[in-house]
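Asker: Chains as they are written, first to last, in the UniProt record's numbering: chain F, 1 to 331; chain V, 1 to 399. Dropping a structure here in structure tokens format, bear with me for questions.
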Amino acid sequence: MSPSHLHLVAAPAPPQAGAPTAIASAPPPLAIEGLDAGYGRTPVLHALSLTVPAGCVTALVGPNGAGKSTLIRAICGRLAVKAGAIAICGLPADTAEARGKIGLAPQDIALYRALTIAENLAVFAELSGLSPSDGRLRVAQVLERTGTAARQDERIDRLSGGWQRRANLAAALMGAPRLLLLDEPTAGVDASAREALAVLVRALAHDGLAVLLVTHDFEFAEQVADRAAILMGGHMALEGPLADLLGQRFAHRRAVEITFAAPPPALRAELLASLGLATEGATARGLISDSPRAVSTLLARLDTLGLPPRTLTLKTPGLPALYDAVTSAGV
Amino acid sequence: MGAIMGAMALTLLRDRGALAMTFVLPPLLFLLFAAIFSGAGGDAGALKVAAARLTPAPAAEAFLDALAAAPDTTLRLVTGADAAARVEAQVRDGRADVGLLVRDDPGIVTPASPLVIVADPGRAVAAALLMARIQTLFTTVLPGMALSRVAGQVQVLVGPFSPEQARRLKEAVARAPELVAGGGAELMARQSVEPAQGQPAVTYYAGAIALLFLLFSAVQGAASLVEERRSGVFDRILMTRGGIGALVAGKFAFLLLQGLALLAVLFAVAQLVYGVDAAGHLWSWLVVSVAAAAAAAGVALPLAAASRTRQQAQTLSTFVVLLLSAVGGSMAPRFLMPEWLQRLGDLTPTAWGIEAYQDALWRGAPLDTLLPALAVLLAYGAAGALLSFWLLRRAARLG
Numbered sequence: 001m002s003p004s005h006l007h008l009v010a011a012p013a014p015p016q017a018g019a020p021t022a023i024a025s026a027p028p029p030l031a032i033e034g035l036d037a038g039y040g041r042t043p044v045l046h047a048l049s050l051t052v053p054a055g056c057v058t059a060l061v062g063p064n065g066a067g068k069s070t071l072i073r074a075i076c077g078r079l080a081v082k083a084g085a086i087a088i089c090g091l092p093a094d095t096a097e098a099r100g101k102i103g104l105a106p107q108d109i110a111l112y113r114a115l116t117i118a119e120n121l122a123v124f125a126e127l128s129g130l131s132p133s134d135g136r137l138r139v140a141q142v143l144e145r146t147g148t149a150a151r152q153d154e155r156i157d158r159l160s161g162g163w164q165r166r167a168n169l170a171a172a173l174m175g176a177p178r179l180l181l182l183d184e185p186t187a188g189v190d191a192s193a194r195e196a197l198a199v200l201v202r203a204l205a206h207d208g209l210a211v212l213l214v215t216h217d218f219e220f221a222e223q224v225a226d227r228a229a230i231l232m233g234g235h236m237a238l239e240g241p242l243a244d245l246l247g248q249r250f251a252h253r254r255a256v257e258i259t260f261a262a263p264p265p266a267l268r269a270e271l272l273a274s275l276g277l278a279t280e281g282a283t284a285r286g287l288i289s290d291s292p293r294a295v296s297t298l299l300a301r302l303d304t305l306g307l308p309p310r311t312l313t314l315k316t317p318g319l320p321a322l323y324d325a326v327t328s329a330g331v
Numbered sequence: 001m002g003a004i005m006g007a008m009a010l011t012l013l014r015d016r017g018a019l020a021m022t023f024v025l026p027p028l029l030f031l032l033f034a035a036i037f038s039g040a041g042g043d044a045g046a047l048k049v050a051a052a053r054l055t056p057a058p059a060a061e062a063f064l065d066a067l068a069a070a071p072d073t074t075l076r077l078v079t080g081a082d083a084a085a086r087v088e089a090q091v092r093d094g095r096a097d098v099g100l101l102v103r104d105d106p107g108i109v110t111p112a113s114p115l116v117i118v119a120d121p122g123r124a125v126a127a128a129l130l131m132a133r134i135q136t137l138f139t140t141v142l143p144g145m146a147l148s149r150v151a152g153q154v155q156v157l158v159g160p161f162s163p164e165q166a167r168r169l170k171e172a173v174a175r176a177p178e179l180v181a182g183g184g185a186e187l188m189a190r191q192s193v194e195p196a197q198g199q200p201a202v203t204y205y206a207g208a209i210a211l212l213f214l215l216f217s218a219v220q221g222a223a224s225l226v227e228e229r230r231s232g233v234f235d236r237i238l239m240t241r242g243g244i245g246a247l248v249a250g251k252f253a254f255l256l257l258q259g260l261a262l263l264a265v266l267f268a269v270a271q272l273v274y275g276v277d278a279a280g281h282l283w284s285w286l287v288v289s290v291a292a293a294a295a296a297a298g299v300a301l302p303l304a305a306a307s308r309t310r311q312q313a314q315t316l317s318t319f320v321v322l323l324l325s326a327v328g329g330s331m332a333p334r335f336l337m338p339e340w341l342q343r344l345g346d347l348t349p350t351a352w353g354i355e356a357y358q359d360a361l362w363r364g365a366p367l368d369t370l371l372p373a374l375a376v377l378l379a380y381g382a383a384g385a386l387l388s389f390w391l392l393r394r395a396a397r398l399g
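The following block contains the structure:
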């Protein structure tokens, strides 16, 4: 491979005859149809379908034990599929070719800790099958693209959590993947590093990479994701463009958060629940209509209950509200 | 392959503690073990004997004087009315290796044994050593006493000597040392098989100790595989084109080179300190060392691949290395073991490695003589690498 053929993100397959564009005709980086999978005789995933298109960040969220890690294993071709199919760029997931199109950034810092960022990238360049000269070029490109060039000669175990996360992500790009799997990329990262990671993930999606982001960090997910997928009990409870999902679920609704001087007594909490407000300590959250009179009506009801609010915040419902709505409904 | 090997090498080089444990500690322990095994310390075999003279016979005193002057024996004479009990007490509490009670004249026929060895069953070999040294004393230093005792026994069998015979016997006893010195050879003489090119005795043990540390360093190096699985590096490598094949090949190559480096350091120390001539048999040493390092990697990698945690790996590896080393002859020569254990030892790479080093360095055997051992060692390496590959594929649940 000559250096001119090296790209940070691998180009999609050439267009089929008669196809309108390459992107439109190329199989999606990840397409899962009717997947049943599990460990031995223990089923974990049932009739699960998910598509992760190129150029998009898809946030995969779900409670602990929902099957997120199992799904990642299945995508990586490391789990026997009992029914359905997983295709990576049109290739069966359990093939080496398909695995070669996936960049994996595991939850832990999956790097050689005594080696520098550049040395780690060089290791994974060689493992990806690049020649020494192409490997050096790819290392330089990835260092530049991920903003790690300035710290390239520092050992992983001497970097801060944020830089370690960046390096962890950088290593996932060494094989020029089409699909990037990010498993909890913000774990142990401070606010500024988190912001930098969000910019980087968006930039990578802009480059054409399909990103599947597995996270419990809703704020980060909301910041970077175009699409959302909510996994519950091995089923895909909800999946689609985030804006569409929010629009469908929360049309003419607003999220409200109320704080009280003290946690309401149990009886009052039940009355709040009848208004659609879930109480947690001295805070109640819920959804109300976005009509002009909704807030004044709510305030009047609270006054009647003898629960004057200290603060009341209104905002457009986002991924946390969607997640709460789906998981509390047990869809 | 080179990527993994390079990563492991850099990781080791940047960890001074691990580096010292790998390359400094083994040579130091080698020096200690070599001194223990070969008696190179100079005072090996000194036997502490507590003795009591329970008879006024002059021969008893002469015997104890001779024993006190014997080399490698430290005699502590216990006196007093309760001397016998105190000798026994010293043996029991470990102050003496063995005890000796001289209860009658050792130069005459007596109804009961004139010499009683007081032995601790836990150190039975000390009793055997003392008996052998007393036998030697009787034939070399006290031949008159031996002659007198034998003559007495002959009289018991054939009847008393005539006065003339008794006179001649008395003269012979008096001249016994002179007769022994000029009267022909001893019954036994020891002839040592000379090693190749005058190799020192420690050469015999160099291979045994090297194999022990080679296995320990290999399992230590292979344990990084457990850490890679825990941290997710393994998951990441699975997604690359190289995959498990590159991982196993890289680790195998690293362990082989690390083993070679360790063996080079160990044998360099052996050459410098004890004059073991490894450099004089460089090619033989090199091929045996490559095969031994490959076998060690072949043992260590599957152990790490089969372990889920570092704790598991350490426990399993320590057990296996000690087992292979004990049965294979790293800790005690195999000829001292029961027949069934010697046969079991034939299944270990340790036994074949030690044999190969003995052939190469001690016996100076040509390469073709080494071929069977080399084949077994390399087969261990290849089988271990394949088993590791299979175990890791299974762990990764790759189809």
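Note that the Cβ used here is the ideal one computed from N, Cα and C, for glycine as well.
1) Check residue 335 of chain F in the structure and name its three-state DSSP category.
2) Comparing alpha-carbon positions, which option in F:D157, F:N120, F:R155 lies nearest V139 of chain F?
3) Mind pulling the chain V residues with CB within less than 9 Å of G129 of chain F?
4) Which term fits Q152 of chain F, buried or exposed, when burial requires 16 or more other beta carbons within 10 angstroms of its beta carbon?
5) What residues of chain V sit near A112 of chain F, judged by a beta carbon separation below 8 Å?
6) Does the segment 225 to 235 of chain V come close enough to the segment 336 to 348 of chain V to have 3 or more Cβ pairs within less than 8 Å?
7) Select from V:F254, V:A253, V:A279 the residue whose C-alpha is nearest the C-alpha of V265 of chain V.
8) Alpha carbon to alpha carbon, what distance is there between F138 of chain V and A146 of chain V?
9) Determine the direct distance from the alpha carbon of L215 of chain V to that of A297 of chain V, and round the result to whole angstroms.
10) For A51 of chain V, which beta-bridge partners are listed by DSSP?
11) Within 10 angstroms of its Cβ, does D105 of chain V collect 16 or more other Cβ (buried), or is it exposed?
12) CA-CA distance, L312 of chain F and F260 of chain F?
13) Assign A44 of chain V to buried or exposed, taking buried as 16 or more other Cβ atoms, counted over all protein chains shown, within 10 Å of its Cβ.
14) Listed in chain order, which residues of the segment 118 to 129 of chain V have Cβ atoms closer than 7 Å to some Cβ of chain F?
15) CB V199 of chain F to CB L182 of chain F, shorter than 9 Å?
16) Is M21 of chain V helix, strand or coil when you go by DSSP?
17) Three-state secondary structure (DSSP) at T279 of chain F?
18) Got a sec: which bits of the segment 167 to 181 of chain F sit with their beta carbon under 7 Å from any beta carbon on chain V, in order along the chain?
19) Is there a C-beta anywhere in chain V that falls below 9 Å from the one on residue 371 of chain F?
20) What are the start and end residues of the beta strand (DSSP E) that includes D36 of chain F?
21) What residue from F:G84, F:I75, F:R113, F:D108 has the CA that sits closest to T95 of chain F's CA?
22) Going by beta-carbon coordinates alone, are G144 of chain V and G99 of chain V separated by less than 9 Å?
23) Does any residue of chain V have a CB that is nearer than 9 Å to the CB of C76 of chain F?
24) Between the segment 76 to 94 of chain V and the segment 8 to 15 of chain V, do three or more beta carbon pairs fall short of 8 Å?
25) Return no unless some Cβ of chain V is closer than 9 Å to the Cβ of A321 of chain F.
26) Taking the straight line between their C-alpha atoms, what separation do you get for L238 of chain V and L179 of chain F?
27) Here's the rule I'm using: 16 or more other beta-carbon atoms within 10 Å means buried, otherwise exposed. How should I36 of chain V be labelled?
28) Using the Cβ count rule (16 or more neighbours within 10 Å means buried), how would you classify W340 of chain V?
29) In chain V, which residues lie less than 7 Å from E119 of chain F when you measure between Cβ atoms?
30) If we ignore side chains and look at the alpha-carbon of each, how far apart do G152 of chain V and A124 of chain V end up?
31) Give the interface partners of A96 of chain F over in chain V, defined as CB-CB distance under 8 Å, in chain order.
32) On the DSSP letters alone, give me the boundaries of the alpha helix (DSSP H) that R253 of chain F sits inside.
33) Can at least three beta-carbon pairs, one atom from the segment 45 to 54 of chain V and one from the segment 69 to 79 of chain V, be found at a separation below 8 Å?
Answerer: Taking the structure as given:
1) The structure shown does not extend to residue 335 of chain F, since chain F is modelled only from 1 to 331, so the question has no answer here.
2) As a position in the first sequence, residue 139 of chain F is number 139, starting the count at 1. Among F:D157, F:N120, F:R155, the Cα nearest to that of V139 of chain F belongs to F:N120.
3) As a position in the first sequence, residue 129 of chain F is number 129, starting the count at 1. Result: T240, R241, G242.
4) As a position in the first sequence, residue 152 of chain F is number 152, starting the count at 1. In this structure Q152 of chain F is buried. Its beta-carbon is surrounded by 16 or more other beta-carbon atoms within 10 angstroms.
5) The residue labelled residue 112 of chain F in the question sits at position 112 within the first sequence. One point to set straight first is that residue 112 of chain F is Tyr, not Ala, in the sequence displayed. Chain V residues near Y112 of chain F: A7, L10, T11, V233.
6) Contact between the segment 225 to 235 of chain V and the segment 336 to 348 of chain V is not established, with fewer than three Cβ pairs separated by less than 8 Å.
7) In the second sequence, the residue the question calls residue 265 of chain V occupies position 265. Answer by Cα proximity: V:A279.
8) What you label residue 146 of chain V is simply residue 146 of the second sequence in a count that begins at 1. What you label residue 138 of chain V is simply residue 138 of the second sequence in a count that begins at 1. Between A146 of chain V and F138 of chain V, the C-alpha separation is close to 6 Å.
9) Taking the second sequence and counting its residues from 1, the one referred to as residue 297 of chain V is at position 297. Taking the second sequence and counting its residues from 1, the one referred to as residue 215 of chain V is at position 215. Near 8 Å, if we compare the C-alpha coordinates of L215 of chain V and A297 of chain V.
10) Against the second sequence, residue 51 of chain V aligns to sequence position 51. V:L77, V:L100, per the DSSP bridge assignment.
11) As a first step, residue 105 of chain V is located in the second sequence; it is residue number 105 there, counting from the start. By the neighbour-count rule (16 or more Cβ atoms within 10 Å), D105 of chain V is buried.
12) As a working mapping, residue 312 of chain F is identified with position 312 in the first sequence. As a working mapping, residue 260 of chain F is identified with position 260 in the first sequence. Those two C-alpha atoms are separated by around 9 Å.
13) As a first step, residue 44 of chain V is located in the second sequence; it is residue number 44 there, counting from the start. Because the pLDDT at A44 of chain V is just 46, under 50, the model does not fix this residue reliably, and the value given afterwards should be weighed accordingly. The residue in question, A44 of chain V, is exposed, as its Cβ has fewer than 16 Cβ neighbours within 10 Å.
14) Only those residues of the segment 118 to 129 of chain V whose C-beta falls short of 7 Å from the nearest C-beta of chain F would be listed, and there are none.
15) The sequence position of residue 199 of chain F within the first sequence is 199, counting from 1. The sequence position of residue 182 of chain F within the first sequence is 182, counting from 1. Taking 9 Å as the Cβ cut-off, V199 of chain F and L182 of chain F do not qualify as a contacting pair.
16) The residue you call residue 21 of chain V lines up with position 21 of the second sequence. For M21 of chain V, the three-state secondary structure derived from DSSP is helix.
17) Start at 1 with the first residue of the first sequence, and residue 279 of chain F comes out as number 279. Here T279 of chain F sits in strand by DSSP.
18) Among the residues of the segment 167 to 181 of chain F, those with a Cβ less than 7 Å away from any Cβ of chain V are A171, G175, in the order of the chain.
19) Outside the displayed span of chain F (1 to 331) sits residue 371 of chain F, for which this structure offers no information.
20) To locate residue 36 of chain F, count along the first sequence from 1; it is residue 36. Judged by DSSP secondary structure, D36 of chain F falls within the beta strand (DSSP E) whose first and last residues are 30 to 39.
21) Residue numbering aside, residue 95 of chain F sits at position 95 when the first sequence is read from its first letter. Here the closest residue by C-alpha is F:I75.
22) Translated into the one-based positions of the second sequence, residue 144 of chain V becomes position 144. Translated into the one-based positions of the second sequence, residue 99 of chain V becomes position 99. Not a contact, by the Cβ cut-off of 9 Å.
23) For the purposes of this step, residue 76 of chain F is taken as the residue at position 76 of the first sequence. Judged by the 9 Å Cβ criterion, C76 of chain F is in contact with chain V.
24) Segments in contact, no.
25) By 1-based counting over the first sequence, the position of residue 321 of chain F is 321. Chain V, which has no Cβ nearer than 9 Å to the Cβ of A321 of chain F, makes this no.
26) In the second sequence, residue 238 of chain V corresponds to position 238, counting from 1. In the first sequence, residue 179 of chain F corresponds to position 179, counting from 1. In a straight line, the C-alpha of L238 of chain V is about 15 Å away from that of L179 of chain F.
27) Translated into the one-based positions of the second sequence, residue 36 of chain V becomes position 36. By the neighbour-count criterion, in which 16 or more other beta carbons inside 10 Å mark a residue as buried, I36 of chain V falls on the exposed side.
28) If you number the second sequence from 1, residue 340 of chain V lands on position 340. Burial call: exposed.
29) Indexing the first sequence from 1 puts residue 119 of chain F at position 119. Taking the beta carbon of E119 of chain F as reference, the chain V residues within 7 Å of it are L10, listed in sequence order.
30) Counting from one through the second sequence, the residue named residue 152 of chain V turns up at place 152. Counting from one through the second sequence, the residue named residue 124 of chain V turns up at place 124. One C-alpha to the other measures close to 31 Å.
31) Mapped onto the first sequence, residue 96 of chain F falls at position 96. Within 8 Å Cβ-Cβ: R241, G243.
32) Here residue 253 of chain F refers to the residue found at position 253 of the first sequence. Taken as a continuous stretch (DSSP letters only), R253 of chain F belongs to no alpha helix (DSSP H), being part of the beta strand (DSSP E) at 253 to 259.
33) Touching, yes, given that three or more Cβ pairs across the two stretches are closer than 8 Å.
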